[in-house]
Amino acid sequence: MRVLNFGSLNVDHVYRVPHIVRPGETLGSGSYARFPGGKGANQSVALARAGAPVWHAGMVGPESAWLRERLAADGVHTEFIRVDDEPGGHAIIQVEEASGQNSIVLFGGANQRIASEHVVRVLSAFQPGDMLLLQNEINVTAELIRRGHAVGLRVCLNPAPMAPGVLDFPLELLDLLVVNEHEGEALSGEKEPERILDALAAKYPQTRLCLTLGGDGVMFRAFQPASAHKPVDTTAAGDTFIGYFLAADLAGKTAAEALAYASEAAGLSVTRPGAMDSIPWARELA
Ligand code: RIB
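Written as structure tokens, this is what we have:
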């Protein structure tokens, strides 16, 4: 069984700041770094580092074509990543010094120009039973859910970043839905974690649900305490969690085992700066 991740690839421009800039404020940063990122690309790297066979599909710009080599160096298959003529996706990320919390401005670029022909061609290379992983940083997510399900792929969606359009996606076709509290609330209309899960389970009875609670843990009908690490930079912790969870799921682990494994990986990722660069390798986990 293989994983196809059709998702974003971004260049992250990261500034460490004393606090997240406020409206009307100009704030200096003494620290700038450029990292490979994008929720899609981060999740592919997390899958690969966890040992899963993963193919990434998507689009980069001419100035960000180096992301392809970066993913390949991690063992991600990259033949379905195309290079567009126009600029690729990038993110401006502020990381607050004391807490490691971040704030992100996203420019979609090539991630938002994916053609249906690209979707159809890539899907034709996969078999029923393979996993299709999606996020919400490309323009063809809803189409991929429909087409992927129609050809027998098991579709997993992490609807991040959340947007009103997600409510119109065919979510009832999903095998696995991974949301944080904000995304869960937007999809269910509920605020409290148990009620979010109850409401989503009633709406999508065929779908396995995973509700991540940041530093507090994760719920999958059972509760998994978060692993305790002092955060340096929380960027891509969610991406790490999803990649490791799916890799464990593919390897036949129970939900409880997969949750514990993914939580440990996400906990380790927040102790390091950057998005993709912060994702641990399976050998680093207990
Ligand atoms: O989840 C973290 C990612 O979100 C960053 O790498 C950035 O590119 C944005 O897509």
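Just so we're aligned: the sequence shown equals residues 276 to 561 in this note's numbering.
Backbone N, C-alpha and C fix where the C-beta goes; we use that ideal spot for every residue, glycine too.
Pull up the distance between the alpha-carbon of residue i and that of residue j, whole angstroms please.
| i | j | result |
| --- | --- | --- |
| V380 | A366 | 6 Å |
| L302 | V507 | 20 Å |
| N377 | V286 | 16 Å |
| A347 | T353 | 6 Å |
| L484 | L446 | 12 Å |
| I389 | P293 | 37 Å |
| G397 | Y290 | Correcting the residue type first, residue 397 is Val in the shown sequence and not Gly. Cα to Cα, V397 sits roughly 36 Å from Y290. |
| G363 | G333 | 11 Å |
| G315 | L525 | 18 Å |
| A425 | F355 | 20 Å |
| V278 | A340 | 22 Å |
| E338 | P436 | 24 Å |
| F520 | V415 | 24 Å |
| A522 | P328 | 9 Å |
| E467 | D359 | 43 Å |
| G423 | L442 | 18 Å |
| E344 | L475 | 39 Å |
| A308 | P480 | 44 Å |
| D473 | V493 | 15 Å |
| K505 | S538 | 14 Å |
| H331 | G383 | 17 Å |
| A477 | G299 | 44 Å |
| G399 | F495 | Residue 399 is actually Ser in this sequence, not Gly. Cα to Cα, the separation comes out at about 32 Å. |
Are residue i and residue j closer than 7 Å when you measure CB to CB?
| i | j | result |
| --- | --- | --- |
| Q410 | N386 | no |
| G313 | L284 | yes |
| A557 | G282 | no |
| L534 | T482 | no |
| G490 | I471 | no |
| I413 | F444 | no |
| E361 | V394 | no |
| L342 | V335 | yes |
| V486 | V454 | This sequence places Leu at residue 486; Val is not what is there. Closer than 7 Å, so yes. |
| L451 | C431 | yes |
Leaving aside the five residues before and after residue i along the sequence, list all residues of the same chain whose C-beta is less than 7 Å from its C-beta, in chain order.
| i | result |
| --- | --- |
| T509 | G375, Q376, N377 and V545 |
| I295 | Q369, E371 and S378 |
| D349 | V320, A323 and R324 |
| F401 | R277, L279 and L428 |
Could you name the residues of the same chain whose beta carbon sits closer than 8 Å to that of residue i, not counting the 5 residues immediately before and after it, in chain order?
| i | result |
| --- | --- |
| D552 | F310 and P311 |
| G404 | M276, G427, L428 and R429 |
| K528 | Y536 |
| I554 | N317, V320, A321, R324, A511, D514, T515, G518, A540 and S544 |
| A497 | Because the pLDDT of A497 is 48, which lies under 50, any placement of that residue in the model is unreliable, and the question is left without a value. |
| S391 | V415 and E418 |
| A438 | N411 |
Is residue i near ligand 2 - that is, is its Cβ less than 6 Å away from at least one heavy atom of it?
| i | result |
| --- | --- |
| D514 | Ligand 2 is not part of the structure shown, which contains ligand 1 as its ligands. |
Counting only the same chain and skipping the five closest in sequence on each side, list residues whose C-beta sits under 6 Å from that of residue i.
| i | result |
| --- | --- |
| A541 | A512, T515 and F516 |
| A550 | D287, F310, G312, N317, T510 and A511 |
| R357 | M334 |
| R547 | S553 |
With residue i and residue j assumed to form a contact (beta carbons below 8 Å), what rounded beta-carbon distance in angstroms separates them?
| i | j | result |
| --- | --- | --- |
| L488 | E456 | 6 Å |
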